[in-house]
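These notes concern the structure reproduced below.
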Amino acid sequence: MNTEDTIIRVNNLKINITTDEGILTAVRGVSFEIKKGETLGLVGESGCGKSLTCKAILGINEPICSTEGQIFFDANNGGMIDLMKLPPKGNEIRDIRGKQISMIFQEPMVCFSPLYTIGNQINECTRLHITKDKKESKRITIEMMKKVGIANAEKRYDQYPHEFSGGMLQRALIAMALVCSPKLLIADEPTTALDVTIQAQILELIKELQKELKMSVLFVTHDLGTVAKMCDRVAVMYLGKIVESAPVVDLYHNPQHPYTKGLIGSVHKIGTKRQKRLFSIKGTVPLALNLPPGCSFYERCDCRIEGVCNVKEPEPDYIADGHVVCCHAVKSGLRKEVKNFE
Amino acid sequence: MSDIILEIKHLTKQFTSKKICVKAVTDISFNVKKGETIGIVGESGCGKTTLGRCIARGIQATSGSVIYTAEDGTKYDFINIDKKTLKTIRKDIQMIFQDPYSSLDPRMTVLDIIEEPLKANFPKMPKKEMDQRAMEIAEKVGLNPSYLKRYPHAFSGGQRQRIGIARALVLQPRVIICDEPVSALDVSIQAQVINLLKDLQQDMGLTYIFISHDLSVVEHISDKVGVMYLGKLVEFAETERLFSNPMHPYSEALLSAVPVADPTVKIDRIPLKGEIPNPANPPSGCYFHERCSYCMDICTREAPELRKLADDHEVACHRAEELKLRGFSYEQEQAK
Chain A
514 MNTEDTIIRV
524 NNLKINITTD
534 EGILTAVRGV
544 SFEIKKGETL
554 GLVGESGCGK
564 SLTCKAILGI
574 NEPICSTEGQ
584 IFFDANNGGM
594 IDLMKLPPKG
604 NEIRDIRGKQ
614 ISMIFQEPMV
624 CFSPLYTIGN
634 QINECTRLHI
644 TKDKKESKRI
654 TIEMMKKVGI
664 ANAEKRYDQY
674 PHEFSGGMLQ
684 RALIAMALVC
694 SPKLLIADEP
704 TTALDVTIQA
714 QILELIKELQ
724 KELKMSVLFV
734 THDLGTVAKM
744 CDRVAVMYLG
754 KIVESAPVVD
764 LYHNPQHPYT
774 KGLIGSVHKI
784 GTKRQKRLFS
794 IKGTVPLALN
804 LPPGCSFYER
814 CDCRIEGVCN
824 VKEPEPDYIA
834 DGHVVCCHAV
844 KSGLRKEVKN
854 FE
Chain B
184 MSDIILEIKH
194 LTKQFTSKKI
204 CVKAVTDISF
214 NVKKGETIGI
224 VGESGCGKTT
234 LGRCIARGIQ
244 ATSGSVIYTA
254 EDGTKYDFIN
264 IDKKTLKTIR
274 KDIQMIFQDP
284 YSSLDPRMTV
294 LDIIEEPLKA
304 NFPKMPKKEM
314 DQRAMEIAEK
324 VGLNPSYLKR
334 YPHAFSGGQR
344 QRIGIARALV
354 LQPRVIICDE
364 PVSALDVSIQ
374 AQVINLLKDL
384 QQDMGLTYIF
394 ISHDLSVVEH
404 ISDKVGVMYL
414 GKLVEFAETE
424 RLFSNPMHPY
434 SEALLSAVPV
444 ADPTVKIDRI
454 PLKGEIPNPA
464 NPPSGCYFHE
474 RCSYCMDICT
484 REAPELRKLA
494 DDHEVACHRA
504 EELKLRGFSY
514 EQEQAK
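If you're matching them up, the sequences are chains A and B in order. Heads up, the first sequence is in my numbering, so the first residue is 514 and it goes up one at a time. Heads up, the second sequence is in my numbering, so the first residue is 184 and it goes up one at a time.
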């Protein structure tokens with residue numbers, strides 16, 4: 514693969530959290546890369562380590578998380594820097610964080626400080642990274658607020674977060690993330706807290722701005738509908754590992770890993786004839802404490818192979834162009850004919 | 184029509200404080216047949232939850248009535264009956280709540296939680312029989328009866344929602360109001376709970392009013408769907424009819440905004456102008472006219488009534504007959 518178009522490459526990222534009951538292996542060797550201008554979707558259920566992975570890229574995880582691995586980021590066109598080697602409070606990472614990589618967080622209502630005006634909070638970013646001139650930074654901020662569709666931006670600039678509705682706050686948060694024209698945008702469930710109509714507006718807005726600013730986007734969500742709409746490639750995470758990654762159409766029409774199949778099968782596709790029952794994955798996601806050896810999906814899997822799946826952890830396996838699966842059953846071809854969920 | 188179990192007539196709920204009066208639910212009427220599932224959809228703040236709570240008499244409605252037909256055929260007005268009679272029939276209409284994390288008391292064991300409705304309704308029932316019934320119902324919803332001595336914190340989200348369902352079912356109700364029962368759960372767990380609700384409906388002949396903002400879940404589970412906007416019912420029809428042939432511009436816009444879990448399906452979204460108006464100060468005429476792209480002069484002046492058109496398709500729009508609105512085409516899907 515040509516490294517020149519790669520904006521970020523995460524290599525074998527591991528995050529452990531020490532708790533009273535033992536070591537929680539939250540992220541267990543995640544690797545992926547994102548090309549320039551591409552959108553990668555990171556899908557998984559709660560607790561699978563999506564958010565920790567995102568925060569690790571920015572180096573903003575809590576100190577109790579011990580992180581290993583490499584995160585190469587193309588900071589100055591061609592020269593890849595390992596973000597993990599930078600001190601988390603040093604000037605270099607501060608220069609990248611917010612300017613070159615920025616993040617949209619999950620809940621707009623808790624991300625803003627209620628004590629400062631919206632304009633003031635977006636401005637912080639501009640003043641840090643672009644210009645020290647107050648008038649100029651205000652002008653840039655207001656321009657960005659207009660761009661994300663906040664009507665009456667001059668007046669809104671001096672308002673406080675409680676005067677904004679949820680959708681408007683999310684727009685302000687996007688303005689804050691995009692005001693420095695980052696190369697990589699991390700969107701961590703940017704629309705889960707919003708209504709469908711507003712969700713659609715925000716998603717279209719991110720897409721438009723992505724084209725305009727030529728950003729790459731890491732789009733984190735558990736909603737398979739938004740992924741289908743937004744992403745070029747998708748990586749499915751389960752219990753801290755990427756179990757399958759593929760181009761988006763491939764993943765939806767030809768899923769291979771039993772977990773991916775289950776996930777897609779358990780969502781009713783709107784506008785199709787009603788099925789009698791939804792497919793459901795049995796059991797629940799186990800806690801990542803003291804995990805047994807072998808495949809972490811073993812307990813819930815329909816096509817597990819005893820003596821193989823519960824002994825050795827499956828390795829990633831290229832099955833088609835850009836389609837990678839971690840599964841013994843898929844690899845060995847021993848897989849029982851898996852039910853068609855469509 | 185003997186199989187109608189609930190008749191909701193002109194139900195209205197106003198919340199008043201010193202100066203403002205918010206009409207959370209305005210003049211809603213529809214009928215619910217026995218064994219049916221009615222889906223109620225709408226955006227946050229449109230009054231879905233208030234409607235559900237008014238029907239179950241969790242909060243007292245301002246006006247209107249909910250006529251409930253009991254098993255022996257007697258009709259009661261659930262909203263206006265006196266407390267004594269209410270006590271005897273209240274067990275027939277139960278609720279399942281949205282958030283399984285905050286709707287269970289952390290200081291009660293799961294057994295106590297499931298038994299509490301029994302204690303309230305049958306104070307003379309011996310403890311042994313209560314335990315027996317709680318165990319049975321726990322098994323039915325897929326909880327291991329040996330775990331019932333534990334406290335809610337020991338359970339995952341999906342299991343907690345099962346506890347909530349068991350608590351609603353232990354009184355053997357006939358109608359269950361499900362207020363966003365799956366929106367707090369993960370995708371794979373959502374499917375489990377939805378399947379459970381469907382199985383229980385078949386086994387016990389339950390009637391559901393299913394409130395949700397997730398249109399794909401509602402499409403999957405409901406027989407009929409009502410769309411709410413700013414406290415009013417704007418459209419009410421059979422699920423497939425409403426999804427394939429919406430007649431209210433708001434329903435059309437709502438349907439077009441849903442992301443479909445298939446990357447090859449591309450839907451042009453119908454943009455909605457502006458935001459949901461403040462319910463304390465609703466617009467004149469049709470509440471939707473400011474955001475509607477088909478708005479005419481009459482819409483700004485007169486509020487449309489909910490009218491019954493062909494095939495029991497009810498819609499509140501002045502232009503319902505002339506507009507050709509876009510929904511999902513089922514035929515295309517089948518042809519594929």
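Every residue gets a Cβ at the ideal spot worked out from N, C-alpha and C, and that includes glycine. Quick caveat: nothing in here was measured; it's all calculated off a predicted structure.
Around the CB of Ser-200 of chain B, fewer than 16 other CB atoms lie within 10 Å, so the residue is classed as exposed.
Per the Cβ contact rule, the segment 374 to 392 of chain B is in contact with the segment 401 to 411 of chain B (3 or more Cβ pairs under 8 Å).
According to DSSP, residue pairing for Gly-807 of chain A in a beta bridge does not occur. A direct Cα-to-Cα measurement between Val-523 of chain A and Leu-416 of chain B gives close to 50 Å. Using a CB distance cut-off of 8 Å, Glu-418 of chain B does not count as an interface residue toward chain A. Tyr-251 of chain B and Ile-211 of chain B do not touch by the CB rule: their CB atoms are close to 16 Å apart, not below 8 Å. Asp-362 of chain B is bridged by DSSP to B:Ile-394. Within the segment 520 to 534 of chain A, contact with chain B at the beta-carbon level (separation under 9 Å) is assigned to no residue. Around Tyr-811 of chain A, no beta-carbon contact reaches into chain B at under 7 Å, the shortest distance being about 16 Å. DSSP places Thr-268 of chain B in the uninterrupted alpha helix (DSSP H) bounded by 266 to 272. Against Arg-452 of chain B, the close residues of chain A are Ala-713 and Glu-717, in the order they occur along the chain (beta-carbon pairs closer than 8 Å). Close to Ala-436 of chain B, with beta-carbon spacing below 9 Å, are these residues of chain A in chain order: Thr-710. When 7 Å is used as the limit between beta carbons, Val-443 of chain B is near these residues of chain A: Gly-738, Ala-741, Lys-782, Ile-783 and Gly-784, in chain order.
Under the three-state reduction of DSSP output, Ile-594 of chain A falls in the strand class. At least 8 Å separates the beta-carbon of Ala-706 of chain A from that of Asp-445 of chain B. Rounded to whole angstroms, the Cβ separation of Asp-745 of chain A and Glu-575 of chain A is 31 Å, and the two are not in contact under 8 Å. Against chain A, the beta carbon of Ala-440 of chain B has neighbours under 9 Å at Asp-708, Val-709, Thr-710, Ile-711, Gln-712, Ala-713 and Gln-714, listed in chain order.
For Ser-544 of chain A, the enclosing beta strand (DSSP E) has its first and last residue at 535 to 548. With at least 16 other beta carbons inside 10 angstroms of its own, Ala-420 of chain B counts as buried.
DSSP places Pro-446 of chain B outside both helix and strand once states are collapsed to three, so it counts as coil. The C-beta of Val-400 of chain B comes closer than 8 Å to at least one C-beta of chain A. By the neighbour-count definition (other C-beta atoms within 10 Å, threshold 16), Thr-233 of chain B is a buried residue.
Taking the C-beta atoms as reference points, Gly-409 of chain B is found no nearer than 8 Å to Ala-207 of chain B. Assigned with DSSP and collapsed to three states, Ser-793 of chain A falls in coil, not helix or strand. In terms of beta-carbon proximity, Pro-466 of chain B stays away from the interface with chain A, with every pair separated by 8 Å or more. Listed in chain order, the positions of the segment 748 to 770 of chain A with a beta carbon within less than 7 Å of a beta carbon of chain B are Val-761, Val-762 and Tyr-765.
The DSSP-derived three-state label of Ser-779 of chain A is coil. Of A:Val-623, A:Phe-618 and A:Val-821, the smallest CA-CA separation from Leu-698 of chain A is found for A:Phe-618. Contact note: Glu-558 of chain A reaches chain B through Asp-369, Val-370 and Ser-371, using a C-beta cutoff of 7 Å and chain order.
Assignment of Glu-497 of chain B by DSSP, reduced to helix, strand and coil, places it in the strand class.
DSSP, read as helix, strand or coil, puts His-836 of chain A in strand. Excluding the 5 residues flanking it on each side, Lys-332 of chain B has same chain C-beta neighbours closer than 8 Å at Thr-292, Val-293 and Leu-294, in chain order.
Spanning the alpha carbons of Glu-757 of chain A and Cys-561 of chain A requires a straight line of approximately 14 Å. Excluding the 5 residues flanking it on each side, Ser-793 of chain A has same chain C-beta neighbours closer than 6 Å at Ser-779, in chain order. At a C-beta separation below 7 Å, Pro-446 of chain B has these neighbours in chain A: Ala-741, Val-761, Val-762 and Tyr-765. If you draw a 10 Å sphere on the C-beta of Lys-774 of chain A, you find 16 or more other C-beta atoms in it, and that means buried.
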